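Numbers 2 to 365, taken from this note's numbering, label the letters of the sequence shown in order.
All residues carry an ideal CB built from backbone N, CA and C; glycine is no exception.
Here the structure is a predicted model, which means the values were calculated and not measured.
See structure below.
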Amino acid sequence: MGRMLKSPWPETFVMVLVTVLTYTAMTTISFVSEAPEGGMATGAVVGWLFAFFVLSLVIALLGVLGGIGGGVMFTPVMLAFTPVDSLIIRGTGLIVAMFSGLISTGPFMRSGLANMRICVFLCCAFAIGAFSGANGAILVAQHMGEAGEGFVRIVLGVILFTLALYFIFGGKKIEWPQVDKSDKLTETLQLRQPFYEPSLNKVVDYGLKRSPWAFLCIIGVGLLSGFFGLGAGWAIVPAQNLVMGVPLKVAAANSGVLLGMGDCIAVWPYIMMGAIIPIFAAPWLVGQVMGGLLGAIVLIRVKAGFVRYLLIGFMIFSCWGLVTRGLTGLDYIQPVPNWMTGVVFVVIFTWVIFNVVKVLKSTD
């Protein structure tokens, strides 16, 4: 019982309770209200919002099991398969990434695993990039219209396909990077911060290197995050680990803190544009939190290979939707018929099932 009174459980309970009460009230109103001319009935709105909640829960569950943030899947799926305005999707994507980061910040900071000095240092870079990227997204939407929408979808499809290839062929991750000598900026800012590692039963004092290059890399990551409304944990972790020499666990903890801090800044241009709609964002937030907590429970029971290939399948299928919708928006191709999208889905997930069976057989 005492554990349930500690973060993030009280916050989660209050958020779920408020959301349930809100949408219960909307459902009740839908029985007596009439839809405005040309508008959507309240009951249909509630139905769509419930569907968004379920989709958000599934995305968050897969994201946790696959080792990436739910925001990485949210924006591509919504841009590929829904008619919702691009700016609303990307702004909500930043809210989702920010909230998931804020939920994890407390435990990471209390445990001492997250390095607050590195977080503040890199947050300056991430905030600069993300704020600039968000303003760039608004400029593209204002001045490029449908062509800009098509461009955004195609580029995001390419990014997502690259990430899928990274998952297929694996990435170089070093749990304990070897750092022979720290750089001058690291020593001047005193970025090193020892932490207790339970698996080793000792305090680890790690070195850091190339912090100026890491700063520049995180600016670039922030640009992508702010412009496309993506969670950037998939890029923040390797940037710290491979460039700066931060231990993998510390880099992952820092990533959550950075998303919580940096996306708070990046989301403001979208708020000022009116692209953040609370009634639309709420089910996504609740789904992300509940899916994340459920994923943490399931993670210790499920086979990693199964989740990895399932996640790759969804990524590649989302790439198909993004690129085809983008090319359609640019008038390069006609709208893709539903039967063709269905065939692509079957082909992709036949490959997924084949590889999952191989993984399951190899672990028997």
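Can you pull the DSSP bridge partners for residue i?
i: V290; result: Per DSSP, none; premise fails for V290.
Can you round the beta-carbon distance between residue i and residue j to whole angstroms, since I take them to be within the 8 Å contact cut?
i: N242; j: C120; result: The Cβ separation is near 15 Å, so there is no contact.
i: N136; j: P270; result: 5 Å
i: P336; j: T329; result: 5 Å
Using the C-alpha atoms, what's the distance from residue j back to residue i?
i: T351; j: F100; result: 35 Å
i: V347; j: Y167; result: 22 Å
i: G149; j: L190; result: 41 Å
i: G158; j: V73; result: 12 Å
i: M357; j: I317; result: It is worth fixing the name first, because residue 357 is Val in this sequence and not Met. Whole-angstrom Cα-Cα distance: 16 Å.
i: G230; j: Q179; result: 34 Å
i: G327; j: R154; result: 5 Å
i: C218; j: A240; result: 7 Å
i: N116; j: M110; result: 8 Å
i: L311; j: L164; result: 14 Å
i: L123; j: L259; result: 8 Å
i: T25; j: V47; result: 9 Å
i: K182; j: F14; result: 47 Å
i: A45; j: L18; result: 22 Å
Is the distance from the Cβ of residue i to the Cβ of residue j below 8 Å?
i: D206; j: P195; result: yes
i: L88; j: A126; result: no
i: V222; j: A236; result: yes
i: G102; j: G261; result: yes
i: R211; j: V244; result: yes
i: V251; j: L114; result: yes
i: F51; j: V287; result: no
i: V353; j: G314; result: yes
i: P279; j: L161; result: no
i: S57; j: G292; result: yes
i: L323; j: A128; result: no
When the cut-off is 8 Å and only beta carbons count, does residue i lie next to chain C?
i: N356; result: Annotation note: the requested chain C is absent from the structure, which comprises a single protein chain.
For residue i, which residues in the same chain have their Cβ closer than 6 Å to its Cβ, ignoring the five residues on either side in sequence?
i: F1; result: Any answer about residue 1 is impossible in this case: the structure gives the chain only from 2 up to 365.
i: A131; result: G223, S226, G227, G263 and A267
i: A282; result: T93 and I96
i: I334; result: L328
i: E147; result: G330
Output needed for residue i: all residues of its chain with C-beta closer than 8 Å, excluding positions within five of it in sequence on either side, in chain order.
i: M145; result: F152
i: N339; result: none
i: V345; result: F318 and W321
Given residue i, which residues of its chain have a CB within under 7 Å of its CB, disregarding the five upstream and five downstream residues?
i: A276; result: L88, I89 and G92
i: M274; result: L88 and I139
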